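Okay, so the sequence shown: first residue is 109 according to our numbering, each after it adds one.
From the three backbone atoms N, C-alpha and C, an ideal C-beta is built for every residue, glycine too.
All figures in this text were calculated on a predicted structure; none of them were measured in a lab.
Heads up, the thing below is written out as structure tokens.
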Amino acid sequence: MQIDELDKFGVLEIFEEKITGSKKDRPALNELLKVLRKGDRVVVYKLDRISRSTKHLIELAELFEEKGVEFISIKDNIDTSTATGRFFFRMMASISELERDIISERTRAGLSSARARGRQGGRPKKNEKAIQTALKMYHSKDYSISEIVKATGVSSATLYRNINKTVGNEKDGMKNEGREHYSSNKMTIYKFGRVETALRDMYEWKRDFKTFPEELLDNGCTREDLNAWITTLETGIHKTGRKFCLVV
């Protein structure tokens, strides 16, 4: 019956779904939307033939108007080439805007209610007490970064960021991260993904201070050991195909 009605209307090409369902992502409809051009006319037997939900119908109406496509529903007496039909587009757009406004109002109301109960929106704030504890442990020089992270629950990134704030020099945090690489596991590479950072920090330290970090030398590492280790790291990096050249 639908096909007969569409033929009577003079439709040139019919897009027919092989199966029916409630999902809006249907092959025939998607194909129709791909080929639409300005000035085309989409004709359906009834509104529920093109959409199973009001939300989806609103989306289609907005799309048709944006593309300059006329829309006709035979049984619902909707024709957007007429004044009444254009009102249909306006009504659909208004419903869509109203829906967005309602969602926005509910979101704002929810945030206001949460603030009234002492909660704030956005990402939760870091535990300042834990951060201060981590900083004290770091400055005591009795703990490694990994030990501090495990004991306080503060991530290494957060710790370094706060170290940079207290010192006022971003590079200092980078060098401290490098020290962690240098002094771990008797100079064994244990986090190869971060070797590039360690090399860069070692280079910056020697460039700025004309020597290696004193705590490494105090721990029994000679300058020859450190230079040899850097060479080993460079070789390892090149084996992975990562381009990184360092001259120390």
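Per-residue DSSP class, three states only, for residue i
i, result
"V257", "helix"
"F179", "strand"
"I122", "coil"
"D187", "strand"
"Y251", "coil"
"R134", "coil"
"L140", "helix"
"R223", "helix"
"R145", "coil"
"N235", "coil"
Cβ-based burial, residue i [other Cβ within 10 Å; buried from 16]
i, result
"V143", "exposed"
"L168", "buried"
"H346", "Here the model assigns H346 a pLDDT of 38, short of 50, so the residue's position is not dependable and the matter cannot be decided."
"T162", "exposed"
"N270", "buried"
"M245", "buried"
"M199", "exposed"
"L267", "buried"
"F195", "exposed"
"T215", "exposed"
"L120", "exposed"
"T188", "buried"
"I111", "exposed"
"A191", "exposed"
Presumed contact (8 Å Cβ cut-off) between residue i and residue j, rounded CB distance
i, j, result
"F117", "I182", "6 Å"
"I158", "L137", "7 Å"
"A171", "L155", "At residue 171 the sequence reads Leu, which differs from the Ala that was named. Actually they do not touch by this definition, with Cβ atoms about 15 Å apart."
"E125", "Y153", "No, E125 and Y153 are not in contact; Cβ-Cβ is about 12 Å, not under 8 Å."
"A265", "I256", "That pair is no contact at about 13 Å."
Which residues DSSP lists as bridging residue i, in chain order
i, result
"V262", "DSSP output for V262 lists no bridge partner at all."
"I158", "I158 is not bridged to any residue."
"V151", "I180"
On the three-pair Cβ rule with 8 Å, is the stretch 261–274 touching the stretch 236–244? yes
Is the stretch 147–166 touching the stretch 174–189, taking contact as three or more C-beta pairs under 8 Å? yes
Any contact of the stretch 198–211 with the stretch 183–190, i.e. 3+ C-beta pairs under 8 Å? no
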